[in-house]
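Below is one structure; the comments refer to it alone.
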Amino acid sequence: MKTLLLTGFEPFDHDVVNPSWEAVRQLDGLQLTEDVRIVARRLPCAFATAPETLIAFIEESNPAMVIATGLGPGRSDISIERVAINVNDARIPDNLGAQPIDTAVVEGGPAAYFSSLPIKSMVRAVREAGIAASVSQTAGTFVCNQVFYRLQHALAGSEVRSGFIHVPGLPESGQPSMALPTLVEGLRLAVAAAWQTQVDIVEAGGRVS
Ligand code: PCA
């Protein structure tokens, strides 16, 4: 049995819950297919500790695939991220009070890493269930982008595919949102499509500007 490591984040910016963790914790232990089981773990929302925590989870669980998730405030759909950039530019302090501005995630690293997941297939699988999803061209410049970049950096050149998904808020957030059961099901479908798809489909999904 292989392991698929799925992470969510602790709350940040004075929130009391983070839907990314509330959703992925419900998938912990799920046998996704006959050959893979999900292990869900929670990351701290801090530039200083999130990447090291993720790397430790990878070392401990020896996963065959890694998918990190986080809250994208203001988003209304399950956003499958295409690219992580080598920039930290925090609009708000993280949970340890750090607010890096225009620093590199990895000094001297490439400008960006692409997701190694089949992002278009993931979007299609979620949409086929009537759940809103899209490819996102930016994961921002806060802790989620940093974790995504460090994840791709750590696994670059390995057999282990990896990527990032941003999720909407919960209905009680007063922002664009998705009900938790819908989010859990959408994530399960996205993750299953990632695991089962070797070659991504070619389907228009971008924006003109
Ligand atoms: N969302 C933030 C960090 C943690 C989270 O869930 C982000 O998008 O960077």
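Under this note's numbering, the first residue of the sequence shown carries the number 62, and numbering increases by one thereafter. C-beta: ideal position from N, C-alpha, C; glycine also. Remember, predicted model here, so these are calculated numbers, not experimental data.
When distances are taken from the beta-carbon of Phe203 to the heavy atoms of ligand 1, the shortest one is below 6 Å. Spatial neighbours of Trp256 in its own chain (CB-CB distance under 7 Å, excluding positions within 5 residues in sequence) are listed in chain order as Leu65, Leu93, Thr94, Val97 and Met126. Taken atom to atom, the span from the alpha-carbon of Gln87 to that of Ile153 is near 29 Å.
When distances are taken from the beta-carbon of Gly218 to the heavy atoms of ligand 1, even the shortest one reaches 6 Å or more. For His214, the secondary structure class from DSSP, reduced to helix, strand or coil, is helix. Beta-bridge partners of Gln92 (DSSP): Arg98. In this structure, the beta-carbon distance from Ile141 to Val196 falls below 7 Å. The Cβ neighbour count for Arg268, taken over all protein chains shown within 10 Å, is under 16; the residue is labelled exposed. Judged by their CB atoms, Val144 and Ala173 are nearer to each other than the 7 Å cut-off. A Cβ-Cβ distance of about 25 Å is found for the pair Pro80 and Leu216, leaving them out of contact under the 8 Å criterion. DSSP lists Arg103 as the bridge partner or partners of Gly69. The three-state reading of DSSP puts Ile180 in helix, counting H, G and I together.
For the set Asn149, Leu91 and Asp155, the Cα lying nearest the Cα of Glu71 is the one of Asp155. Using a cutoff of 6 Å, the CB of Phe225 does not count as near ligand 1, since none of the ligand's heavy atoms is closer than that.
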